[in-house]
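Heads up: the sequence shown begins at 18 in our numbering, then just goes up one per residue. Backbone N, C-alpha and C fix where the C-beta goes; we use that ideal spot for every residue, glycine too. Remarks on the structure that follows.
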Amino acid sequence: MGLIHKKVKLTGEGGELEVNALIDTGTKRLLVPKNIADKIGIKPMFKVRAELADGTIKDVGAGPIYVEIMGRGAPDWVAIVEKGEVCIGAETLETLGLAVDPTTGEIRPIRKFIWRI
18 MGLIHKKVKL TGEGGELEVN ALIDTGTKRL LVPKNIADKI GIKPMFKVRA ELADGTIKDV
78 GAGPIYVEIM GRGAPDWVAI VEKGEVCIGA ETLETLGLAV DPTTGEIRPI RKFIWRI
C-alpha cells in the first residue's frame, strides 16, 4: 500500500499549524516532534511509556491537542518525541471517525459523526 500522508491541522494553547503528517495504523496515537509542540504551545502534562519504532521503550511527555483531518476535528492526547515527523495513529483516526481503506490506501469516513453522546 505504501506510505500515506495527509494534511493535518494541529492546535495547541499557543497557536495552530498545518502539516503534512504520516498516517500510520501501526501506531496507536498521535506523535509530534518537540519543535512543533513548542511552536504551537503544547506542554507535556505527564509522561507515558512508549515503544518506539526501533523497539526501544522510552518515557515521553504527553499533552492535550486539537487535531483536524479532512474537516473532522476532536481533542486528543499527543506524545511529544524528540525528532521525526508528525504521525497519526489508528486510535486518533478512530476518534475522528476515519479509517484507511486497505484496498485503495485512501482515508475515508467510517461514520457520519465524530462523537456519540
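Asked, Found
"Which residues DSSP lists as bridging residue 37, in chain order", "24"
"Residue 59 in three-state terms, based on DSSP", "coil"
"DSSP beta-bridge partners of residue 125", "116"
"Range of the contiguous beta strand (DSSP E) that encloses residue 95", "89-98"
"Which residues DSSP lists as bridging residue 70, in chain order", "Partner(s): none; residue 70 has no beta bridge."
"Residue 124 versus 104, 65, 86, 30, residue with shortest Cα-Cα distance", "86"
"Residue 75 (DSSP reduced to helix, strand or coil)", "strand"
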